Structure formats: C-alpha cells, structure tokens
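First the structure, in the form of structure tokens, and then the observations on it.
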Amino acid sequence: MEIYLVMKNNLKRNLFKKSTYIIMFLLPIMIAVIGMITSGISQSSIRVGIIADEVVFRDVQARLDKYENIDYEPADVRTIHTDRIMNKYHFVLNYLDKSDSEGILNEIENLAASGLDKNANKLSQTQRMVSMLMTVYMIIAAVYATKIISDKNNGTFQRFAYSGNSRKKYAFGYVISTGLIVLVQITVAFVILKTFDKEFALTMFKSAEIIATITMITTVYGVTIAFRSKKDMNANICASSIAVIMSLLGGTFVSVSEMPSFLQILSIINPIRWIIWLV
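Note that the sequence shown covers residues 449 to 727 in my numbering.
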C-alpha cells in the first residue's frame, strides 16, 4: 500500500506537467530527423539493378547484404536502357546476357568495402536511433526521479521513514512511477519513429523487447542517480555526463572498432552497447 501511494503521488506530479507530453511527442520526431541526417551524411549508397532468375538473384542478394551502403532491386529488362539514362542505377547486373556480371559484382563489392562495410561495425540507422533514444531517456528518467530530492528536502521522505515504513519501499515506489512514465513515452516514441521513418525496421516482438530493456535500465539508472544526489542540479549534471560518456563509448557516433583497445573493452559493459547489440 505504501509503495502504491508513493507511486501515485509521483505520477500525479509528473503527468500534470506539460513538458511530459512535449517530450513524449517532440523527442522521437527530433531523433528521427537527426538519425536520417546523420545516416545520410555517414553513407553514400551504391544503387544496383539486378536482372536475373530467382536462384541467381538470391545468390547475389546474399553477397550484397554484407554491405550497408548498397541499395539493390530487381531491374526490368524492358526499361533498363531508360533507367540507365535516368541514372536510376550506378551498376546493372544482367545475368541474362553475356556481360561480365561477375566482374561488375566484384567491382561493386570492392567499392562498398572501401566505404561502409557492415563488418566494420558501422551502425544502421535503426541502431543509431535506438541508442540515441536510450541516451536521452537515461537523462529524462533521472529528471523525473529528482522529485525524490525535493521529498528529502521538505521532510516527506523522513516522515515516511519515521512512520515505520522502509526507505526501500519509497525508492521502489519511485522506480515504478518513473518506469511507467518512461515506458509510455518510449512506446509512443517507437510508434512515431516507425511512422516517420521507413528505415526504422523492427518487428513487434523485437520492439517490445527493446522497449522493456530500455525502460528497466534507464529507470534504475535515473532513480539511483536521484537517490544518491543532494541537489536537483547535481543529479541532472551527473546523469547527463554519464549518459553522454556511455553513448560515446557505446559507439553511437564513433565506431567501436576505431577506438583504442581499452575503450573497446569498456564498451562491453556499457548498457548502450547492449541495446545496439540487441537491435
């Protein structure tokens, strides 16, 4: 009962703030825009048209799928000359005639490998957006949880403890309330990202798995920071600093493979890196 009362009180304080709803709808749109811009900057796609039967197409597909910076599709043999004139494709692989398609395919692979090979640990647009979302909500969860600092300063927390209740119950009430708010906001964020960005490709099960993981990690992180801090400003600065450092070490903006070896080791225990692997 005590946990429920703490949760209810904290939910009321956060849900009646306009900023809660502004963050809920504006943040994912901003992340979608930033993600598309950074993805566009970080890669230049090679457009490939493929003319082949189904078996050969699958073989070519298996080879091209290794590279993130290649866009390919079945080409229409009837309009291929027009497509070339309109620069629809950089390369055409025509396995129905005697052209050197294998040589062209090798050239495409060499060009792609010199750019953004998936094996070079470059993030996909979806991975980058999810890692950015988690970074931001590590900070936001701490902001929501800082109400516990006000409760300490005005004596609410002490009165709760003096009445025979455990301090752990108070903290757990904050974990539940903060987790519920973050869960709703991240769910809305995923829906908006899926709506605004077709590149944000995750199945419903995978989305639910990632949402639950982000909610648990960011909530525990935010409440822990707030519970250990004496002032709101200290909690916010601490939460922001750690989140940004984790984001950098996790590979959100710089590939982990390009980092020094000791930083690569640190990234293994980084929650943001876990989320990227999960995607």
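Cβ atoms here follow ideal geometry from the backbone N, Cα and C, with glycine treated the same way. Source: prediction; values computed, not measured.
From which residue to which residue does the alpha helix (DSSP H) around residue i run?
i	result
Y592	Q573 to A593
F710	S709 to S715
K456	E450 to L463
V692	D680 to G698
S549	S549 to A561
R721	P719 to L726
Within a Cβ cutoff of 6 Å, which residues of the same chain sit near residue i, ignoring the five residues on either side of it in sequence?
i	result
L631	T663
L544	I499
N567	With a pLDDT of 43 at N567, under the threshold of 50, the modelled position of that residue is not reliable, and the figure given next carries that caveat. None.
V454	Y618 and G621
E657	none
Need the endpoints of the beta strand (DSSP E) that residue i sits in, please.
i	result
Y520	I518 to P522
F539	F539 to N542
V508	Unbroken run through V508 is the alpha helix (DSSP H), E502 to L512; no beta strand (DSSP E).
I499	I494 to I499
Given a threshold of 16 other Cβ atoms within 10 Å of its Cβ, counted over all protein chains shown, does residue i qualify as buried or as exposed?
i	result
T651	exposed
T626	buried
T643	exposed
Y669	buried
V578	buried
A609	exposed
M580	buried
R576	buried
Q509	exposed
Y520	buried
E502	exposed
L475	buried
For residue i, which residues in the same chain have their Cβ closer than 8 Å to its Cβ, ignoring the five residues on either side in sequence?
i	result
N613	E450
L714	L697
R511	L553 and E557
F505	I498 and P522
L459	S625, L628 and I629
Are the C-beta of residue i and some C-beta of chain B separated by less than 8 Å?
i	result
S688	Here there is only one protein chain, and chain B is not present.
Leaving out five residues before and five after residue i in sequence, what residues of the same chain have Cβ atoms less than 7 Å from its Cβ?
i	result
N457	none
R615	A609
N542	I499 and S549
C404	This structure gives no information on residue 404, because the portion of the chain shown stretches from 449 to 727.
- Query: Would the stretch 579–590 and the stretch 654–672 be scored as touching if the rule is three or more Cβ pairs under 8 Å?
  - Reply: yes
- Whole alpha helix (DSSP H) elements within the stretch 609–659, 4-residue minimum: 615–644
- Message: Using 8 Å as the cut-off, can you tell me whether the stretch 595–615 makes contact with the stretch 639–655, which would need three or more C-beta pairs spanning the two stretches below that distance?
- Response: Segment contact: the stretch 595–615 against the stretch 639–655, fewer than three CB-CB distances shorter than 8 Å; contact not assigned.
- Message: Three Cβ pairs or more, each shorter than 8 Å: is that satisfied between the stretch 689–699 and the stretch 545–560?
- Response: Judged by Cβ distances under 8 Å, the stretch 689–699 makes no contact with the stretch 545–560, as fewer than three pairs qualify.
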